[in-house]
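> Numbering (my numbering), first residue to last: 20 to 432.
Think of the CB as a built atom: it goes at the ideal place given N, C-alpha and C, for glycine as much as any other residue.
Quick one: structure below, then a few questions.
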Ligand code: FCB
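If you want it as structure tokens, here you go:
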């Protein structure tokens, strides 16, 4: 009966212009990270990598100007956070995902910078002042240089440094936080940095990659225990969940396997230490025979970064989470679209399929678009434009609200 109801609901929606209703208290907003927006994070391993001889030579070889691939002042959000949060409020957001930068808070081992913690307190107060519920990320790809010199997350004994830092943040800033996000995309951090050689430290070693993933899992468990003691607010990680679609019978086997391993490994091991499921959604893969042949639909629309646009995959991923019986928050979903010609449709389509998942019983409670403003897109530099708000790099980083942001604002409202 439920399926029939759902079928007629969608039929009706297709035929008319009826509005979709989202659950009461649904959170609407955008996400960002500290390093990608703040600027001036000179004590971070990413900063060191961006300025390294190796990186600069590699860029020059590709005919690229190294300056365009250095985070530098980024969006200067370290100073302009209030302006950014005011814009989020103006766009009817009621939530925001932001981060704090470990290398700023603890620039030297065991030395916690009180001025920086005061700064972050002001930042969180400002978000509250603008009516935003706060998702706070503790680790989003970047580390202090001293931590990396000790071997970073390759060494199990280093976990305690991360936990210690998290402990400081939770005690000092916990009163302002509504949702904790311990680690952003541990699987991406580990594969990009230790298997594929793209992020620093640019290693290509599967064993190291696996070691880092396991140490991050352990870190999450320990930090969630700290949070349980010092904060009453829910905790999770932000996992990058992929949509897999099969081609033929063997494709089905491949899809199950990939879902189990790629989407499931960290999830299964951390689920007991998460109060909600935090997920980022960007990618779709079409698989045939055991994943050995992988193809994205060539004729599908693509973002400026060349990533295929598959909104329907979001529903499939969400439905696969139903069995865990936990609230789900989309902590990132977005596209690089400098012309702003696809963003409005992208958002509406993804929200449509998100709503389908809700109608089928998945407890989704929030959607945070990536990103509030254009920012530093890691190894790609500044050219990919993910922002609801443009940051004009030719004009003193002036913020300019994109048309799609105003359409998203109507939905938020
Ligand atoms: C996600 C990252 C985020 C941003 C988007 C485009 O995987 O978490 O920092 O780079 O991709």
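Check for me: the beta strand (DSSP E) holding residue 262 runs from which residue to which?
262–265 is the extent of the beta strand (DSSP E) around residue 262.
> With hydrogens ignored, establish whether the beta-carbon of residue 353 is closer than 8 Å to any heavy atom of the ligand FCB.
Yes, the ligand FCB has a heavy atom inside 8 Å of this Cβ.
> I'd like the span of the beta strand (DSSP E) that includes residue 259, first residue to last.
Where residue 259 is concerned, the enclosing beta strand (DSSP E) stretches over 254–259.
> Using 9 Å as the threshold, is the C-beta distance between residue 430 and residue 387 below it?
Not in contact: residue 430 and residue 387 (Cβ atoms no closer than 9 Å).
> Given residue 407, which residues of its chain have a CB within under 8 Å of its CB, disregarding the five upstream and five downstream residues?
Excluding sequence neighbours, residue 407 sits near 49, 110, 362, 388, 390, 391, 392, 420, 421, 423, 424 and 427.
> Are the Cβ atoms of residue 177 and residue 233 separated by less than 9 Å?
No, the Cβ-Cβ distance between residue 177 and residue 233 is not below 9 Å.
> If you follow the beta strand (DSSP E) that residue 419 is part of, which residue opens it and which one closes it?
Looking at the DSSP string, the run of the beta strand (DSSP E) that includes residue 419 is 417–420.
> Is the beta carbon of residue 47 within less than 8 Å of some heavy atom of the ligand FCB?
Not under cutoff, so the answer is no.
> Which one or two residues does DSSP pair with residue 203 in a beta bridge?
Beta-bridge pairing links residue 203 to 257.
> How would you write the range of the alpha helix (DSSP H) that residue 307 sits in, first residue to last?
Counting along the chain, residue 307 falls outside any alpha helix (DSSP H), though it belongs to the beta strand (DSSP E) covering 303–307.
> With distances taken between CB atoms, is the gap from residue 195 to residue 147 smaller than 9 Å?
Yes. Within cutoff.
> Please give the ranges of any alpha helix (DSSP H) in the stretch 141–176, keeping only runs that are unbroken, at least 4 residues long and fully inside the region.
Qualifying alpha helix (DSSP H) stretches, in chain order: 164–168.
> Alpha carbon to alpha carbon, how far is residue 351 from residue 62? Give it in angstroms, no decimals.
One C-alpha to the other measures close to 26 Å.
> Check this for me: beta carbons of residue 302 and residue 262, under 9 Å apart or not?
A contact, by the Cβ cut-off of 9 Å.
> Considering only heavy atoms of the ligand FCB, does any lie closer than 8 Å to the CB of residue 93?
Every heavy atom of the ligand FCB is 8 Å or more from the Cβ of residue 93, so no.
> Within 10 angstroms of its Cβ, does residue 116 collect 16 or more other Cβ (buried), or is it exposed?
That one is buried.
> Grab me the residues of residue 274's own chain with a C-beta within less than 6 Å of its C-beta, minus the 5 sequence neighbours each way, in chain order.
Contacts found: 263, 265 and 306.
> When the Cα of residue 180 is compared with those of 128, 140 and 293, which residue comes out closest?
Measuring from the Cα of residue 180, the nearest candidate turns out to be 128.
> Do the stretch 86–95 and the stretch 58–76 make contact, defined as three or more Cβ pairs closer than 8 Å?
Output reads yes: the stretch 58–76 touches the stretch 86–95.
> Quick one, which of 150, 331, 239 and 322 has its alpha-carbon nearest residue 293's?
Ranking 150, 331, 239 and 322 by Cα distance to residue 293 puts 239 first.
> Determine the contact status of residue 324 and residue 219, defining contact as a CB-CB distance below 9 Å.
No. Outside cutoff.
> Between the stretch 155–164 and the stretch 121–139, are three or more C-beta pairs nearer than 8 Å?
Enough Cβ pairs lie closer than 8 Å, so yes.
> Taking 8 Å as the cut-off, is the CB of residue 405 close to at least one heavy atom of the ligand FCB?
Residue 405: yes, Cβ under 8 Å from the ligand FCB.
> The ligand ADP and residue 255: does the residue's C-beta get closer than 8 Å to at least one heavy atom of that ligand?
Annotation note on the ligand ADP: not contained in the displayed structure, which lists the ligand FCB as its ligands.
> Assign residue 380 to buried or exposed, taking buried as 16 or more other Cβ atoms, counted over all protein chains shown, within 10 Å of its Cβ.
Counting Cβ neighbours within 10 Å, residue 380 comes out exposed, since fewer than 16 surround it.
> If you reduce the DSSP assignment to three classes, tell me which class residue 455 lands in.
Since the first and last residues shown for the chain are 20 and 432, residue 455 lies out of range.
> Where do the N-terminal and C-terminal ends of the alpha helix (DSSP H) with residue 234 fall, by residue?
225–249 is the extent of the alpha helix (DSSP H) around residue 234.
> Would you tell me roughly how many angstroms separate the C-alpha atoms of residue 254 and residue 82, rounded to the nearest one?
Residue 254 and residue 82: Cα-Cα distance of roughly 43 Å.
> Could you give the first and the last residue of the continuous beta strand (DSSP E) run that contains residue 298?
Note, residue 298: beta strand (DSSP E), 296–299.
> Does DSSP classify residue 412 as helix, strand or coil?
It is coil, neither helix nor strand.
> When DSSP labels each residue in this structure, what does residue 342 get in the three-state scheme?
Residue 342: helix per DSSP, three-state reduction.
> To the nearest angstrom, how far is the alpha carbon of residue 441 from that of residue 159?
Residue 441 is absent from the structure shown; the chain starts at 20 and stops at 432.
> Taking C-alpha atoms, which residue in 377, 249, 64 and 76 lies nearest to residue 189?
Out of 377, 249, 64 and 76, 249 has the C-alpha closest to the C-alpha of residue 189.
> Between 296, 276 and 104, which has its C-alpha nearest residue 149's C-alpha?
Ranking 296, 276 and 104 by Cα distance to residue 149 puts 104 first.
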